[in-house]
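A quick write-up on the structure given underneath.
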Amino acid sequence: MYRFIAYVLLISLISQDINCETTPFNATTYALTHHCVWLSCNVTGYPSTYGGYSVQCCALQVPLNYANPNQTITISMTRLSPQQATNETNTLFMLSGGPGGSGWNLFYNALGSIPSSLGMTIILPDHRGTGLSTALTCDDNGSQTVDSACITYLLSKWGREGINQFSVTSAAHDLSVQIQSYQIDNPGRVTIFAVSYGTLWLDRFLQIYPTVVQAS
(Lines of atoms letter the chains of each structure in order from A and count residues from 1; the text may use other names and numbers.)
(Lines give C-alpha, C1' and ligand atoms only; values in the text may rest on other atoms or scores of the structure.)
Protein backbone atom coordinates (compact mmCIF):
# COMPACT_ATOMS: atom_id res chain seq x y z
CA MET A 1 0.00 0.00 0.00
CA TYR A 2 2.77 2.41 0.92
CA ARG A 3 4.63 1.89 -2.36
CA PHE A 4 1.51 2.28 -4.48
CA ILE A 5 0.30 5.48 -2.81
CA ALA A 6 3.85 6.85 -2.94
CA TYR A 7 3.87 6.20 -6.68
CA VAL A 8 0.57 8.06 -7.20
CA LEU A 9 1.67 10.96 -5.00
CA LEU A 10 4.90 11.24 -6.98
CA ILE A 11 2.87 11.57 -10.17
CA SER A 12 0.74 14.30 -8.60
CA LEU A 13 3.82 16.17 -7.35
CA ILE A 14 5.38 16.08 -10.82
CA SER A 15 2.13 17.40 -12.27
CA GLN A 16 1.81 20.30 -9.83
CA ASP A 17 4.15 22.37 -7.69
CA ILE A 18 3.50 21.54 -4.03
CA ASN A 19 3.85 25.23 -3.16
CA CYS A 20 1.62 26.48 -5.95
CA GLU A 21 -1.49 28.54 -5.28
CA THR A 22 -4.41 26.31 -4.45
CA THR A 23 -7.92 26.67 -5.78
CA PRO A 24 -10.06 28.85 -3.47
CA PHE A 25 -12.30 26.58 -1.41
CA ASN A 26 -14.47 27.45 1.57
CA ALA A 27 -13.96 24.44 3.83
CA THR A 28 -15.91 26.10 6.64
CA THR A 29 -19.07 26.45 4.57
CA TYR A 30 -18.67 22.96 3.18
CA ALA A 31 -18.21 21.44 6.63
CA LEU A 32 -21.37 23.12 7.92
CA THR A 33 -23.40 21.22 5.34
CA HIS A 34 -21.60 17.90 5.79
CA HIS A 35 -22.19 16.80 9.35
CA CYS A 36 -20.12 13.98 10.80
CA VAL A 37 -22.19 10.98 11.96
CA TRP A 38 -20.21 8.63 14.20
CA LEU A 39 -20.93 4.92 13.82
CA SER A 40 -19.31 1.59 14.63
CA CYS A 41 -16.24 1.00 12.47
CA ASN A 42 -16.55 -2.80 12.08
CA VAL A 43 -12.93 -3.18 10.98
CA THR A 44 -11.56 -6.71 11.14
CA GLY A 45 -8.78 -7.04 13.69
CA TYR A 46 -9.59 -3.87 15.60
CA PRO A 47 -11.75 -3.67 18.75
CA SER A 48 -14.72 -1.37 19.35
CA THR A 49 -13.34 -0.52 22.80
CA TYR A 50 -9.77 -0.61 24.07
CA GLY A 51 -7.83 0.76 27.02
CA GLY A 52 -10.67 2.92 28.29
CA TYR A 53 -11.50 4.28 24.83
CA SER A 54 -14.53 3.69 22.62
CA VAL A 55 -13.86 3.50 18.88
CA GLN A 56 -16.12 4.99 16.22
CA CYS A 57 -15.80 6.09 12.60
CA CYS A 58 -17.18 8.88 10.45
CA ALA A 59 -17.32 8.99 6.65
CA LEU A 60 -17.61 12.30 4.82
CA GLN A 61 -18.26 13.00 1.16
CA VAL A 62 -15.76 15.48 -0.29
CA PRO A 63 -15.00 16.65 -3.84
CA LEU A 64 -12.59 14.49 -5.79
CA ASN A 65 -11.40 17.72 -7.42
CA TYR A 66 -11.86 20.83 -5.28
CA ALA A 67 -11.55 23.03 -8.37
CA ASN A 68 -14.39 21.15 -10.07
CA PRO A 69 -16.54 19.60 -7.32
CA ASN A 70 -18.96 17.61 -9.48
CA GLN A 71 -17.69 14.20 -8.33
CA THR A 72 -17.22 13.09 -4.74
CA ILE A 73 -15.24 10.48 -2.86
CA THR A 74 -15.43 9.28 0.72
CA ILE A 75 -12.87 10.15 3.37
CA SER A 76 -12.98 8.47 6.75
CA MET A 77 -11.68 9.23 10.21
CA THR A 78 -11.60 7.22 13.42
CA ARG A 79 -12.46 8.66 16.83
CA LEU A 80 -11.02 7.29 20.06
CA SER A 81 -13.17 8.72 22.85
CA PRO A 82 -12.41 8.28 26.57
CA GLN A 83 -15.19 6.22 28.11
CA GLN A 84 -14.88 8.01 31.43
CA ALA A 85 -16.65 11.37 31.22
CA THR A 86 -14.44 14.41 31.93
CA ASN A 87 -14.51 18.16 31.41
CA GLU A 88 -11.60 17.90 28.96
CA THR A 89 -12.41 19.35 25.52
CA ASN A 90 -9.02 18.97 23.81
CA THR A 91 -8.74 16.84 20.69
CA LEU A 92 -5.61 15.47 19.04
CA PHE A 93 -5.60 14.69 15.31
CA MET A 94 -2.79 12.26 14.43
CA LEU A 95 -1.58 12.08 10.81
CA SER A 96 -0.06 8.82 9.63
CA GLY A 97 2.97 8.45 7.38
CA GLY A 98 3.93 6.23 4.47
CA PRO A 99 2.88 7.77 2.26
CA GLY A 100 0.01 5.33 1.99
CA GLY A 101 -0.63 4.64 5.65
CA SER A 102 -4.18 5.05 6.87
CA GLY A 103 -5.12 6.44 10.25
CA TRP A 104 -5.45 2.85 11.46
CA ASN A 105 -1.67 2.47 11.30
CA LEU A 106 -1.45 4.68 14.40
CA PHE A 107 -4.30 2.98 16.27
CA TYR A 108 -2.33 1.02 18.87
CA ASN A 109 0.47 3.61 19.05
CA ALA A 110 -2.08 6.27 19.94
CA LEU A 111 -3.81 4.13 22.53
CA GLY A 112 -0.51 3.08 24.06
CA SER A 113 0.88 6.61 24.23
CA ILE A 114 -2.09 8.58 25.54
CA PRO A 115 -3.92 7.13 28.56
CA SER A 116 -7.68 7.55 28.45
CA SER A 117 -7.46 9.02 31.96
CA LEU A 118 -6.13 12.24 30.39
CA GLY A 119 -9.58 12.76 28.89
CA MET A 120 -8.29 13.70 25.43
CA THR A 121 -10.15 12.60 22.32
CA ILE A 122 -7.95 11.22 19.54
CA ILE A 123 -8.86 11.43 15.85
CA LEU A 124 -7.10 9.30 13.23
CA PRO A 125 -7.98 10.67 9.77
CA ASP A 126 -7.39 8.62 6.65
CA HIS A 127 -5.44 10.20 3.83
CA ARG A 128 -7.65 10.04 0.74
CA GLY A 129 -7.32 6.69 -1.01
CA THR A 130 -6.49 4.73 2.17
CA GLY A 131 -8.18 2.94 5.05
CA LEU A 132 -11.97 3.12 5.07
CA SER A 133 -11.93 5.96 2.54
CA THR A 134 -12.59 5.50 -1.17
CA ALA A 135 -9.83 3.09 -2.12
CA LEU A 136 -7.11 3.91 -4.62
CA THR A 137 -6.15 0.49 -5.96
CA CYS A 138 -4.97 -1.21 -9.14
CA ASP A 139 -8.13 -3.25 -9.72
CA ASP A 140 -11.57 -3.93 -8.29
CA ASN A 141 -10.11 -6.53 -5.91
CA GLY A 142 -7.79 -4.11 -4.10
CA SER A 143 -4.51 -5.00 -5.82
CA GLN A 144 -1.53 -2.73 -5.10
CA THR A 145 0.72 -4.14 -7.83
CA VAL A 146 1.92 -1.30 -10.05
CA ASP A 147 2.23 -2.54 -13.63
CA SER A 148 0.87 -1.61 -17.06
CA ALA A 149 -2.51 -3.16 -16.23
CA CYS A 150 -2.67 -1.00 -13.11
CA ILE A 151 -1.99 2.17 -15.09
CA THR A 152 -4.67 1.23 -17.61
CA TYR A 153 -7.15 0.57 -14.80
CA LEU A 154 -6.39 3.85 -13.02
CA LEU A 155 -6.75 5.90 -16.19
CA SER A 156 -10.01 4.13 -17.03
CA LYS A 157 -11.50 4.65 -13.57
CA TRP A 158 -10.20 8.09 -12.63
CA GLY A 159 -8.73 9.69 -15.74
CA ARG A 160 -5.40 11.52 -15.64
CA GLU A 161 -6.86 14.54 -13.89
CA GLY A 162 -8.65 12.36 -11.36
CA ILE A 163 -5.45 10.54 -10.45
CA ASN A 164 -3.78 13.90 -9.87
CA GLN A 165 -6.37 14.66 -7.18
CA PHE A 166 -4.93 12.01 -4.86
CA SER A 167 -2.37 14.60 -3.79
CA VAL A 168 -1.10 16.20 -0.62
CA THR A 169 -2.93 19.43 -1.51
CA SER A 170 -6.27 17.65 -1.89
CA ALA A 171 -5.57 15.77 1.34
CA ALA A 172 -4.95 19.13 3.06
CA HIS A 173 -8.41 20.31 1.96
CA ASP A 174 -9.85 17.00 3.19
CA LEU A 175 -8.25 17.49 6.58
CA SER A 176 -9.72 20.97 6.92
CA VAL A 177 -13.18 19.60 6.15
CA GLN A 178 -12.68 16.77 8.64
CA ILE A 179 -11.53 19.08 11.42
CA GLN A 180 -14.20 21.70 10.88
CA SER A 181 -16.96 19.12 10.54
CA TYR A 182 -15.78 17.59 13.80
CA GLN A 183 -15.73 20.99 15.51
CA ILE A 184 -19.42 21.59 14.81
CA ASP A 185 -20.23 19.35 17.78
CA ASN A 186 -16.83 19.56 19.50
CA PRO A 187 -15.73 23.21 19.69
CA GLY A 188 -12.71 22.69 21.94
CA ARG A 189 -9.00 23.07 21.21
CA VAL A 190 -7.59 21.00 18.32
CA THR A 191 -3.94 19.99 18.04
CA ILE A 192 -2.33 18.05 15.17
CA PHE A 193 0.51 15.57 15.55
CA ALA A 194 2.16 14.03 12.47
CA VAL A 195 4.75 11.40 11.67
CA SER A 196 6.86 10.74 8.55
CA TYR A 197 4.92 11.71 5.39
CA GLY A 198 2.24 13.06 7.70
CA THR A 199 4.53 16.03 8.40
CA LEU A 200 4.39 16.96 4.69
CA TRP A 201 0.62 16.61 4.81
CA LEU A 202 0.53 18.82 7.91
CA ASP A 203 2.84 21.41 6.34
CA ARG A 204 0.60 21.70 3.27
CA PHE A 205 -2.47 21.99 5.49
CA LEU A 206 -0.90 24.83 7.48
CA GLN A 207 0.08 26.64 4.28
CA ILE A 208 -3.54 26.69 3.14
CA TYR A 209 -5.33 26.82 6.51
CA PRO A 210 -3.01 28.56 8.99
CA THR A 211 -5.73 29.47 11.50
CA VAL A 212 -7.96 26.37 11.69
CA VAL A 213 -6.14 24.61 14.56
CA GLN A 214 -4.60 25.92 17.75
CA ALA A 215 -1.36 23.89 17.81
CA SER A 216 0.64 21.41 15.76
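Residue numbers for the sequence shown, in mature numbering (1 follows the signal peptide of the UniProt record, and there is no 0): -20 to -1, 1 to 196. By construction, the Cβ of each residue, glycine as well, lies at the ideal position given by its N, Cα and C atoms. Just so it is clear, the structure is predicted and the values come from calculations on it, not from any experiment.
**Request:** With a floor of 3 residues, list each beta strand (DSSP E) that falls wholly inside the segment 31 to 118, ordered by position along the chain.
**Result:** 33 to 43, 52 to 62, 71 to 75 and 101 to 105
**Prompt:** Assuming PRO62 and GLY92 make a contact with CB atoms under 8 Å, what is their CB distance in whole Å?
**Reply:** Between GLY92 and PRO62 the Cβ distance is about 15 Å, and since that is not below 8 Å, they are no contact.
**Message:** Am I right that ALA11 and SER161 are in contact with their C-beta atoms under 8 Å? What's the rounded C-beta distance?
**Reply:** 4 Å
**Request:** In angstroms with no decimal places, state the Cα-to-Cα distance between VAL126 and ASN144.
**Result:** 16 Å
**Prompt:** Within 10 angstroms of its Cβ, does GLU1 collect 16 or more other Cβ (buried), or is it exposed?
**Reply:** Low per-residue confidence applies at GLU1: pLDDT is 46, beneath 50, and the placement is therefore not dependable, though the value from the model is reported in the following sentence. Per the 10 Å Cβ criterion, exposed.
**Prompt:** Based on Cα-Cα distance, which residue from VAL23, GLN41, GLN64 and PHE87 lies nearest to ILE53?
**Reply:** GLN41
**Message:** For a test of the three-state rule: what should DSSP assign to VAL157, helix, strand or coil?
**Reply:** helix
**Message:** Could you tell me the alpha carbon to alpha carbon distance between LEU135 and TYR30, rounded to whole angstroms?
**Reply:** 41 Å
**Message:** Please return the same chain residues whose Cβ sits closer than 7 Å to the Cβ of residue 205, not counting the five positions on each side in sequence.
**Reply:** Residue 205 lies beyond the stretch modelled for the chain, which goes from -20 to 196, so this question has no answer here.
**Request:** Label SER82 either buried or exposed according to how many other C-beta atoms from any shown protein chain fall within 10 Å of its C-beta, with 16 as the threshold for buried.
**Result:** buried
**Message:** Per DSSP, what are the beta-bridge partners of ALA195 in this structure?
**Reply:** THR171
**Prompt:** Is it right to say ILE159 is buried, meaning 16 or more other beta carbons lie within 10 angstroms of its own, or is it exposed?
**Reply:** buried
**Request:** Would you kindly work out how many angstroms separate the C-alpha atoms of THR9 and VAL157, rounded to a whole number?
**Result:** 9 Å
**Message:** For the segment 63 to 79 against the segment 116 to 124, do three or more pairs of beta-carbon atoms, one drawn from each stretch, fall closer than 8 Å, so that the two count as touching?
**Reply:** no
**Request:** Quick one: measure Cβ to Cβ for THR183 and ILE55, integer angstroms, because I've assumed they're closer than 8 Å.
**Result:** A quick correction: the sequence has Asp, not Thr, at residue 183. The Cβ separation is near 19 Å, so there is no contact.
**Request:** Compute the Euclidean distance between the alpha carbons of GLN194 and ILE102, then round it to the nearest angstrom.
**Result:** 15 Å
**Asked** Where PRO190 and ASN121 are concerned, what is the direct C-alpha to C-alpha distance, given to the nearest angstrom?
**Response** 39 Å
**Prompt:** Got a sec? Which residues, its chain only, sit under 8 Å from PRO49 by beta carbon, not counting five neighbours each side?
**Reply:** PRO43
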